[in-house]
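Comments concern the structure below.
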Amino acid sequence: MIRKIQSQPGDLGEAVSGYGFMAPAILVLGLFVLVPIFYAVFLSLHKVQLLGGVEFRFIGLRNFGRMLGDERIWIALKNTAEYVAIVVPVQTILALILAIVLNTQIQGRNWFRIIYFLPTVTSSAVLTLIFIWLYNTNGLLNDFLAFVGLPTYNWLGDPNVALKAIMLMNIWSTAPLFMVIYLAALQDIPKSIYEAAAIDGANGWQRLVHITIPSLKPVTFFVITMGIIGTFQLFDQSYIFSEGKGGPNNATLTVVLLIYQYAFKTLDMGYAAALAFMLAAIIIAITLIQRRFFGDGRLN
Amino acid sequence: MKRRSFSLATLSLATATLLASCVRGLRHIWNSERRNQPQTVTVSLSGWQANPNEQALLAQLLQDFESQHPAIKVRYETIADQYMDVIKTRLIGDAAPDVFYLDVFQAPFLMNKKVLEPLDAYITQDFDLADFEPPLLNAFQDRGQIYGLPKDVSTLALFYNKKAFAEAGLSRPPQTWQELREFSKKLTLDRNGDGKVDQYGFGVIPELARQAFMIKAFGGRLVDPNGYAAFATEQGLQGLQGLLDQYRQDRSSAQKTDVGTHSGSEMFAQEKVAMVIEGNWAIPYLTETFPALEFGTAEVPTVNDQPGTMAFSVAYVMNQQAKHKAAAWQLIAYLTGKEGMKRWTRGGSALPSRRSVAAELGYDQDPLRSAFSAGVDYATPWQAGEYLPLIMDNFDNQLLSAFLGEQTLLTALQQAQATANREIAATQ
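Listed in order, the protein sequences are those of chains A and B. Using the working numbering, the first residue of the first sequence is number 152, and each one after it goes up by one. Using the working numbering, the first residue of the second sequence is number -19, and each one after it goes up by one.
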């Protein structure tokens, strides 16, 4: 780059104006994305003391070594993995079904689209508070279950169902977002392919399985990737659900909640930063594996 | 065209000059007025959200303070959620309020970090330090220095539903823990016979903050002298085992989420349970929100023939970075002084931490509050070294799993202790 500028002095002005135009973006990204990332690397290698005199002590990789003996991490990872394994497939399939239904010429589909999309534009904190009421032992959900003769649960207090309660809430609120993405993609599939298949005698189901779903593959890759990232970063729902504790009995403890607890409750920023890196590494690894699984996963 | 733009320029210049002179004139008037007034300083104060009555009472107190000290303005801010996390973060960022609430169980951590201003130098003779209950004052001392002055104290006592007691043919509240279990069985009712209990005898809160005195009752201890957890012993568990057996075997007690409520006082208020052990803060809530509820209070039943309860206290502390320390002290001295404390605790949500105020208000004679004020003498203060918040989280988690029958009490609490101690060691 520098050599090029030196050899062709005429380009210098162009480069300067180019970087000039990019300066706001570079500045903002650098300040709020790059610098924090490098600072987090720095923090994760130190023992940090913040209150009463800031102090950094270099301890190498000991923060990472500490994770092995920390059983709460394994609980958090197990909870998070269970959450991802259930929520991502369910919300993807649900989004696909909703999109296919709304892509047909049913009556009032615009209204359905708006109604389905409403949970996504509502703040998740508000949704959680509403759901806590629904999940009350004497709440609407249990009343409904009892009415149709199903067993009722202590959704908030029983560790065996507390995480499921959050899953239910999250699937309900994020599936519509992915539905909209699928809807947009569905309208991009050329009608001529369907017509050709119909002429060849393919029925509706065959057209769905052999045309629609394969055509949506790049979008499905995107939806699953975003779903995995979003679900691995589960925080606000379980935070509000358990008042920041991850209870009952660690049932709603997630990795990000654990990071929050170490960072702001015990003020152990170094360890919290190390945990954040562990989470990032897991998400990157899973995305790479999934990329192989989906072929080259073209996004355009 | 040219002329017109010239005249426009002249006009705008003239307007600018006029505006500037106006501003200068106004500033002059304002300055001269300010010179006539004494210089005022602003002290910032933060606390957490309490009930609306308490909030109104504090606002009233602050107004009175400002009228008595015209040179000091108080800027009060409520921190709605996660109070200690917010305060700690603001202390790190040099943005903490000058004066703030500090819960007794969080005090050792902040006192040890040297972010609080020692108050010894400010305390005068007529502030009458000796008037404070010594255990409460000690809780806010570290290495001989006073860092906070307790604004009030709360204890736990037994609330019982008089109607439910009469219905079950019980004429008085239980006095021992054995009695409590017997009474609970009589008070546990399935009124409509659908197999679901409509009223439990006792509302249990399996949290360390509420049960620490149970550990002491049979000679156990919460932490060792170095602040490490040390509760998982035979003696430490005996009291808790009774609670657990009642919940799992007698099935005569319930937790708050079992009956769809959010707190102990709520399950009592909604008559889901006939007895609950709650703090004095529940009295105004019950009398105001549920005026039809007929209830009485009694001292916590004795465990192992010993009286026991918990004492919770909150102090006003001063930030070491406070700008106007003298003014901040004036505020603390007013709020924890005899007059201020009398007005504060007369509201009835908390008991005074000064003996003279307690004697004057006569809460030891009050039918609802005498049980609480009696408890101050033998209560276990809710404080146990710097790591109590961490120990508490692990304890609560594991105790709950024992209540759910996932493991025995001993293994649950051994695990809680081991995890807590490992985390404590890692923070050093």
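Even for Gly, the Cβ is constructed at its ideal location relative to N, Cα and C.
Ignore the nearest five residues each way along the sequence and tell me which others in residue 299 of chain B's own chain have a CB closer than 6 Å to its CB.
-> Cβ within range, chain order: 76 and 78.
Under 9 Å Cβ-Cβ, which residues of chain A neighbour residue 402 of chain B?
-> The CB of residue 402 of chain B comes closer than 9 Å to the CB of 220, 221 and 222 in chain A, given here in chain order.
Residue 130 of chain B lies in the beta strand (DSSP E); which residues open and close that run?
-> For residue 130 of chain B, the enclosing beta strand (DSSP E) has its first and last residue at 128 to 141.
With 7 Å as the C-beta to C-beta threshold (strictly closer), list the residues of the segment 66 to 92 of chain B near chain A in chain order.
-> Cβ contacts with chain A: 68, 69, 71 and 72.
9 Å Cβ cutoff met for residue 407 of chain A and residue 430 of chain A | Yes, these two residues count as a Cβ contact at 9 Å.
With contact counted as at least three CB pairs below 8 Å, one residue from each stretch, are the segment 345 to 353 of chain A and the segment 395 to 402 of chain A in contact?
-> When C-beta atoms of the segment 345 to 353 of chain A are compared with those of the segment 395 to 402 of chain A, fewer than three pairs fall below 8 Å, so the two segments do not count as touching.
Along chain A, in chain order, which residues have C-beta atoms closer than 9 Å to that of residue 238 of chain B?
-> The answer, in chain order, is 288, 305 and 308.
Can you name the residues of chain A whose CB is closer than 8 Å to the CB of residue 95 of chain B?
-> Counting only Cβ-Cβ distances below 8 Å, residue 95 of chain B has contacts in chain A at 202 and 203, in chain order.
Closer than 9 Å, CB to CB, is residue 190 of chain A near chain B or not?
-> For residue 190 of chain A, the answer is no, since every Cβ of chain B falls outside 9 Å of its Cβ.
So, does the CB of residue 399 of chain A fall closer than 9 Å to a CB anywhere in chain D?
-> Here the protein chains are A and B, and chain D is not one of them.
Which chain A residues sit within Cβ distance under 8 Å of residue 381 of chain B?
-> Near residue 381 of chain B (Cβ distances below 8 Å), the residues of chain A are 310 and 400.
Return the residue from the list B:322, B:324 and B:362 that minimises the CA-CA distance to residue 259 of chain B.
-> Closest by alpha carbon: B:362.
Assumed close pair residue 422 of chain A, residue 217 of chain A - CB separation to whole angstroms, cut-off 8 Å = Confirmed, Cβ separation roughly 6 Å.
So residue 358 of chain B and residue 350 of chain B are in contact, right, with Cβ under 8 Å, and what is the actual spacing, rounded?
-> The distance from the Cβ of residue 358 of chain B to that of residue 350 of chain B is about 14 Å, inconsistent with a contact at the 8 Å cut-off.
Are any of the Cβ atoms in chain B nearer than 9 Å to that of residue 418 of chain A?
-> Yes, because at least one Cβ of chain B sits closer than 9 Å to the Cβ of residue 418 of chain A.
9 Å Cβ cutoff, residue 178 of chain B in contact with chain A | Chain A contact via Cβ: absent.
Residues in its own chain within less than 7 Å of residue 267 of chain A by CB, not counting five upstream and five downstream?
-> In the same chain as residue 267 of chain A, and ignoring 5 residues on each side of it, the C-beta atoms closer than 7 Å to its own belong to 249, 327 and 330, in chain order.
Rounded Cβ spacing between residue 396 of chain B and residue 375 of chain B (contact assumed at less than 8 Å) = Here residue 396 of chain B really is in contact with residue 375 of chain B; their C-beta atoms are around 5 Å apart, less than 8 Å.
In chain B, which residues lie less than 7 Å from residue 396 of chain A when you measure between Cβ atoms?
-> By Cβ distance, chain B contributes 373.
Using a threshold of 8 Å, is the CB atom of residue 174 of chain B nearer than that to any non-hydrogen atom of the ligand ATP?
-> Ligands are entirely absent from the displayed structure, and the ligand ATP is therefore not among its contents.
Taking residue 209 of chain A as part of the beta strand (DSSP E), name the residues at either end of that continuous run.
-> 206 to 209 is the span of the beta strand (DSSP E), which, as asked, contains residue 209 of chain A.
At which residues does the beta strand (DSSP E) containing residue 94 of chain B begin and terminate?
-> Premise fails: residue 94 of chain B is in no beta strand (DSSP E) and is neither H nor E.
Would you decide whether residue 134 of chain B is buried or exposed? Buried here means 16 or more other CB atoms lie within 10 Å of its CB.
-> A residue is called buried when at least 16 other Cβ atoms come within 10 angstroms of its Cβ; residue 134 of chain B meets this threshold and is buried.
Compute the distance between the beta-carbons of residue 272 of chain A and residue 382 of chain A, then report whether it is under 9 Å.
-> The beta carbons of residue 272 of chain A and residue 382 of chain A sit no closer together than 9 Å.
Start-to-end residues for the beta strand (DSSP E) that takes in residue 83 of chain B = Run containing residue 83 of chain B: 79 to 83, per the beta strand (DSSP E) assignment.
Does the Cβ-Cβ distance between residue 164 of chain B and residue 247 of chain B come in under 9 Å?
-> At the C-beta level, residue 164 of chain B and residue 247 of chain B stay beyond 9 Å of one another.
Closest to residue 318 of chain B by CA distance: which of B:87, B:304, B:389 and B:336 is it?
-> If we check each option's Cα against that of residue 318 of chain B, B:336 comes out closest.
In whole angstroms, what separates the C-alpha of residue 57 of chain B from that of residue 35 of chain B?
-> Approximately 11 Å between the Cα atoms of the pair.
Taking the alpha-carbon positions, what's the residue -18 of chain B to residue 168 of chain A distance?
-> Here residue -18 of chain B scores only 43 on pLDDT, less than 50, and its place in the model is too uncertain to base an answer on.
Closer than 9 Å to chain B by CB, residue 208 of chain A | No, no contact with chain B.
Does any C-beta atom of chain B lie closer than 9 Å to the C-beta of residue 110 of chain A?
-> This structure leaves residue 110 of chain A out entirely; chain A is present only between 152 and 451.
Taking any Cβ of chain A, which residues in the segment 263 to 283 of chain B have a Cβ under 8 Å from it, in chain order?
-> Along the segment 263 to 283 of chain B, none of the residues has a CB nearer than 8 Å to a CB of chain A.
With 16 as the cutoff for other CB atoms within 10 Å, does residue 411 of chain A come out buried or exposed?
-> Buried is the call here.
Measuring only between beta-carbons, confirm whether residue 62 of chain B sits less than 9 Å from chain A.
-> Under the 9 Å criterion on CB atoms, residue 62 of chain B is classed as interfacial with respect to chain A.
What did DSSP end up calling residue 225 of chain B once you bin it into helix, strand or coil?
-> In the three-state scheme derived from DSSP, where H, G and I count as helix and E and B as strand, residue 225 of chain B is classed as helix.
Three-pair Cβ contact test at 8 Å for the segment 309 to 316 of chain B versus the segment 181 to 196 of chain B = At 8 Å Cβ cutoff, the stretches do not touch.
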